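*Asks:*
Number of protein chains: 2
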Amino acid sequence: MSCDLLTVPPAAPDEVIALRRVRGFHVGGRAVDLHGLPRKTIETVPGEPPRRSDPNGRYQVGQLYAQHFELANATRQTPVLFWHGGGMTGATWEETPDGRAGWHECFMRRRFHTCVTDAVERGRASWAPYPDITPEAPEHRTLDQAWSIFRFGPQGGYRSALAHAGMRFPIHRADQLAKQFVARWTCNTEATLAAYGELLQHFGRSIVVAHSEGARHAAQLAARMPAAIAAVVLVEPAGAPALDAAAACAAASVPHLVIWGEHFAHSELWRRYRAGADDWLARIRAAGGRADVLDLPAAGIHGNSHLLMMDDNSADLAALAADWVLARVPQG
Amino acid sequence: MSCDLLTVPPAAPDEVIALRRVRGFHVGGRAVDLHGLPRKTIETVPGEPPRRSDPNGRYQVGQLYAQHFELANATRQTPVLFWHGGGMTGATWEETPDGRAGWHECFMRRRFHTCVTDAVERGRASWAPYPDITPEAPEHRTLDQAWSIFRFGPQGGYRSALAHAGMRFPIHRADQLAKQFVARWTCNTEATLAAYGELLQHFGRSIVVAHSEGARHAAQLAARMPAAIAAVVLVEPAGAPALDAAAACAAASVPHLVIWGEHFAHSELWRRYRAGADDWLARIRAAGGRADVLDLPAAGIHGNSHLLMMDDNSADLAALAADWVLARVPQG
């Protein structure tokens, strides 16, 4: 990545956001009918008699939730879609755990139309009954797990608040972060990709800013639907899709930016994910595509975690990402 | 309710919403540590080796999710909090299933600061592992259940799209509505009230617009924390709290508006809920309080369902509710 993008511009003034409208809605999914299950008795209102509840019938499953902020004065007509990582929701992008503006607000202040999503079976997207529809039980993330997976500090470090030196994530508000964690199913990748695909069709052409698991999905869809994606910003992608040369050729028409934080030396998991992403970017470049990497420590910016959109320099990093998008996505 | 409020004012122009900022965050809840559970093996990334997952550790549970829209030109400094009903999320208020503006947008266009919440264990609020933390499994609502509970038509009518005559809910988009349904636990009433109480403390003083189960919670909190609530709009409350005369005295300082749709004759459940709410309003009036009722059919407005914020006249009803709030809540 060229060095000029590392000169952080002055923060946007705290001006009014000229919102044309904001709408939340669901995209994709399918109907499923259940039959032959026993009825249940449910207590609903304290003091009221219990009511019968029949679990048989029609469910809508596999949809995602999207919240679209349409501006009156956008600098680009192409919206920025924010896709969160595994075990998280769109709240990732809204506010840092210590109360600063999230990347969503930073991008709106840079006058992008935005759309923040909750992926299939996360947050407002809802989740299907298991084992009746989804075969498996989900995983719930503990703060203990997150500590090492998000590279705040060594495994087990949460109990002693042991963080990597110079850690930029506001670990004193790790409790607030943990309130964002939601159950995740790992068996729904294709349903998730299908719903994101429908979202891309809904908008016609989009910029995708995606984190971790969401970034892997974004890389996959850049290969499947390159005409629908103007650019992707992959924040700490959790690996890359296993794709062939034809897919790399397709993805090569989509400009890619990958942003990495620090502390890979402590995480074999993340070294493996990063190697997968590096390999994928190499294939895009070999196919003639643009694949920029912003390796923050290599650029002299130290201490960022896996959740760099919540770190203490998150607004500066959002500005770098927004500048890259403005340079890569033509006006209009 | 006086008849002048039934003269619907002209719709607000489609002007730009002057947004100072929008933030999503979590409020309330508690930490829970789990011990002694067996480890699991989880597939996370296709093609990657499975990883070990340890369910023991710290969870944050019982929080709610709040999304606060702060305007630059609000007509009242007191924000309007939107609380959804059982088995739903804040998406209730965002867009109708057939793509019209939700009450949230209607109130923003009337220049209210707003805050849309997901109650404890719904949507972005997240839900706790069961049975390890929450003792029970949740209920998932089917479209078949919703058909009669939401008073669209007779029980079983969904399969033949049999709706009550003149039904205003857009039943041709019932599939889109069903995508909003989320699992509900009925054992978390006190945790939900505690989190809403913390939300009210966060804002200091609020107007609460609440639906169904959320309206019952709002009535309860008007009695518990009357100084924190400037007014409540109870849309089709699912009953009322079982409270004593002292609670009625406390709640009497809070102006109440209750709005009812049609088709109670077909629902013994809703006649019972409504009788409970009527009794509660009578106690507030007996204690000297203001309790207005907008019975839509009695006012000549026919065909509204339990989800009247999604019915074909939803914008007119939002305008009525906003007018009532403006008349009851002083400037400032």
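Chains as they are written, first to last, in this note's numbering: chain R, -14 to 317; chain U, -14 to 317.
Note that the Cβ used here is the ideal one computed from N, Cα and C, for glycine as well.
Here the structure is a predicted model, which is why all the values come from computation and not from measurement.
List the residues of chain R that D129 (chain U) touches, going by C-beta distances under 8 Å, in chain order.
*Replies:* By one-based count along the second sequence, residue 129 (chain U) stands at place 144. Chain R residues near D129 (chain U): D39, N41, G42, R43.
*Asks:* Looking only at DSSP bridge pairs, what is H241 (chain U) linked to?
*Replies:* For the purposes of this step, residue 241 (chain U) is taken as residue 256 along the second sequence, with counting starting at 1. Answer is U:V217, U:A276, bridged to H241 (chain U).
*Asks:* From the DSSP output, which residues share a beta bridge with R169 (chain U)?
*Replies:* Residue numbering aside, residue 169 (chain U) sits at position 184 when the second sequence is read from its first letter. Paired residues: U:E124.
*Asks:* For T74 (chain R), which residues of its own chain have a beta-carbon under 6 Å away from its beta-carbon, when the five flanking residues on both sides are left out?
*Replies:* One-based indexing of the first sequence puts residue 74 (chain R) at position 89. Cβ neighbours of T74 (chain R) beyond the five flanking positions: D103, R107, G108, V167.
*Asks:* If you follow the beta strand (DSSP E) that H196 (chain R) is part of, which residue opens it and which one closes it?
*Replies:* Reading the first sequence from its first residue, position 211 is the one you call residue 196 (chain R). Looking at the DSSP string, the run of the beta strand (DSSP E) that includes H196 (chain R) is 191 to 196.
*Asks:* Measure the alpha-carbon distance for E247 (chain R) versus E198 (chain U) and round it to whole angstroms.
*Replies:* For the purposes of this step, residue 247 (chain R) is identified with residue 262 of the first sequence, where counting begins at 1. For the purposes of this step, residue 198 (chain U) is identified with residue 213 of the second sequence, where counting begins at 1. Rounded to whole angstroms, E247 (chain R) to E198 (chain U) spans 46 Å at the Cα level.
*Asks:* Any beta-carbon of chain U closer than 8 Å to the one on Y50 (chain R)?
*Replies:* Within the first sequence, residue 50 (chain R) is the residue found at index 65, counting from 1. So, interface residue.
*Asks:* Assuming contact is defined by CB atoms lying nearer than 8 Å, are V62 (chain R) and V12 (chain R) in contact in what I supplied?
*Replies:* Taking the first residue of the first sequence as position 1, residue 62 (chain R) is located at position 77. Taking the first residue of the first sequence as position 1, residue 12 (chain R) is located at position 27. Correcting the residue type first, residue 62 (chain R) is Gln in the shown sequence and not Val. No.
*Asks:* Starting from the N-terminal side, write out each stretch of the beta strand (DSSP E) that is 3 residues or longer and does not extend beyond the region 8 to 64 of chain R.
*Replies:* Here the runs fully enclosed are 25 to 27, 36 to 38, 42 to 56.
*Asks:* Nearest-angstrom Cα distance between A(-4) (chain U) and L4 (chain U)?
*Replies:* By one-based count along the second sequence, residue -4 (chain U) stands at place 11. By one-based count along the second sequence, residue 4 (chain U) stands at place 19. Here A(-4) (chain U) scores only 46 on pLDDT, less than 50, and its place in the model is too uncertain to base an answer on.
*Asks:* In chain order, what residues of the same chain have a beta carbon less than 6 Å from the beta carbon of Y143 (chain U), not counting five sequence neighbours either side?
*Replies:* For the purposes of this step, residue 143 (chain U) is taken as residue 158 along the second sequence, with counting starting at 1. These residues qualify, in order along the chain: L128, D129, W132.
*Asks:* Taking F249 (chain U) as the query, report the chain R residues whose CB atoms sit under 7 Å from its CB, ordered along the chain.
*Replies:* Residue 249 (chain U) sits at position 264 when you count from the first residue of the second sequence. None at all; the shortest Cβ gap to chain R is about 16 Å.
*Asks:* Name the chain U residues whose beta carbon is nearer than 8 Å to that of H11 (chain R)?
*Replies:* The residue you call residue 11 (chain R) lines up with position 26 of the first sequence. Those are A76, Q161, K164, Q165, listed as they occur along chain U.
*Asks:* State yes or no: is the beta carbon of S319 (chain U) nearer than 8 Å to at least one beta carbon in chain R?
*Replies:* Outside the shown range of chain U (-14 to 317) lies residue 319 (chain U), about which nothing can therefore be said.
*Asks:* Tell me whether the beta-carbon of G9 (chain R) lies closer than 8 Å to the beta-carbon of Q52 (chain R).
*Replies:* As a first step, residue 9 (chain R) is located in the first sequence; it is residue number 24 there, counting from the start. As a first step, residue 52 (chain R) is located in the first sequence; it is residue number 67 there, counting from the start. Taking 8 Å as the Cβ cut-off, G9 (chain R) and Q52 (chain R) qualify as a contacting pair.
*Asks:* Taking 8 Å as the threshold, find out whether the region 251 to 260 of chain U comes into contact with the region 276 to 288 of chain U through three or more Cβ pairs.
*Replies:* Contact between the region 251 to 260 of chain U and the region 276 to 288 of chain U is absent, because fewer than three Cβ pairs lie under 8 Å.
*Asks:* Beta-carbon of L184 (chain R) versus every beta-carbon of chain B: anything under 8 Å?
*Replies:* Here chain B cannot be found, since the structure's protein chains are R and U.
*Asks:* Let me know if R323 (chain U) comes out buried or exposed under the rule of 16 or more other beta-carbons within 10 Å of its beta-carbon.
*Replies:* Any answer about residue 323 (chain U) is impossible in this case: the structure gives chain U only from -14 up to 317.
*Asks:* Return helix, strand or coil for H287 (chain R), following the three-state DSSP convention.
*Replies:* What you label residue 287 (chain R) is simply residue 302 of the first sequence in a count that begins at 1. Reduced to three states, the DSSP call for H287 (chain R) is coil.
*Asks:* Residues bridged to T119 (chain R) by DSSP?
*Replies:* The residue labelled residue 119 (chain R) in the question sits at position 134 within the first sequence. Its beta-bridge partners do not exist; DSSP assigns none.
*Asks:* To the nearest angstrom, report how far apart D296 (chain U) and A237 (chain R) are at their CA atoms.
*Replies:* By 1-based counting over the second sequence, the position of residue 296 (chain U) is 311. By 1-based counting over the first sequence, the position of residue 237 (chain R) is 252. If you take the alpha carbons of D296 (chain U) and A237 (chain R), they lie about 46 Å apart.
*Asks:* Distance cutoff 8 Å, beta carbons only. Does A235 (chain R) sit that close to anything in chain U?
*Replies:* Numbered from its first residue, the first sequence carries residue 235 (chain R) at position 250. False, the Cβ-Cβ gap to chain U never drops below 8 Å.
*Asks:* Give me, in chain order, the residues of the same chain whose beta-carbon lies closer than 8 Å to that of S(-13) (chain U); leave out the 5 immediate sequence neighbours on both sides.
*Replies:* Here residue -13 (chain U) refers to the residue found at position 2 when the second sequence is read from its first residue. Note that S(-13) (chain U) scores 42 on pLDDT, short of 50, meaning its location in the model is unreliable and no value can be drawn from it.
*Asks:* In the DSSP assignment, the alpha helix (DSSP H) including T177 (chain R) goes from what residue to what residue?
*Replies:* On the first sequence, position 192 is the one that residue 177 (chain R) refers to. Element bounds for T177 (chain R): 174 to 188.
*Asks:* Using the C-alpha atoms, what's the distance from A212 (chain R) back to F188 (chain R)?
*Replies:* Position 203 of the first sequence, counted from the first residue, corresponds to residue 188 (chain R). Position 227 of the first sequence, counted from the first residue, corresponds to residue 212 (chain R). Roughly 12 Å between the two C-alpha positions.
*Asks:* Looking only at its chain, what residues have a beta carbon closer than 6 Å to the beta carbon of E80 (chain U), apart from the 5 residues adjacent to it on each side?
*Replies:* Taking the first residue of the second sequence as position 1, residue 80 (chain U) is located at position 95. Around E80 (chain U): G87.
*Asks:* Flag this pair as yes or no: are the beta carbons of V220 (chain U) and M294 (chain U) separated by less than 8 Å?
*Replies:* Here the question's residue 220 (chain U) lines up with position 235 in the second sequence. Here the question's residue 294 (chain U) lines up with position 309 in the second sequence. Yes, these two residues count as a Cβ contact at 8 Å.
*Asks:* Just the chain U side, please: which residues come within less than 8 Å of H125 (chain R) by C-beta, in chain order?
*Replies:* Position 140 of the first sequence, counted from the start, is the residue given in the question as residue 125 (chain R). Under the 8 Å cutoff, chain U gives P40, Y44, A113, P114.
*Asks:* Between I192 (chain U) and chain R, is there a C-beta pair that is closer than 8 Å?
*Replies:* In the second sequence, the residue the question calls residue 192 (chain U) occupies position 207. It does not: the Cβ of I192 (chain U) has no partner Cβ on chain R nearer than 8 Å.
*Asks:* Is there at least one Cβ from chain U nearer than 8 Å to A304 (chain R)'s Cβ?
*Replies:* Here residue 304 (chain R) refers to the residue found at position 319 of the first sequence. By this cut-off, A304 (chain R) is not an interface position.
*Asks:* So with CB distances below 7 Å, who are the chain R contacts of L4 (chain U)?
*Replies:* Residue 4 (chain U) sits at position 19 when you count from the first residue of the second sequence. Neighbours of L4 (chain U) on chain R, chain order: V1, I2, L4.
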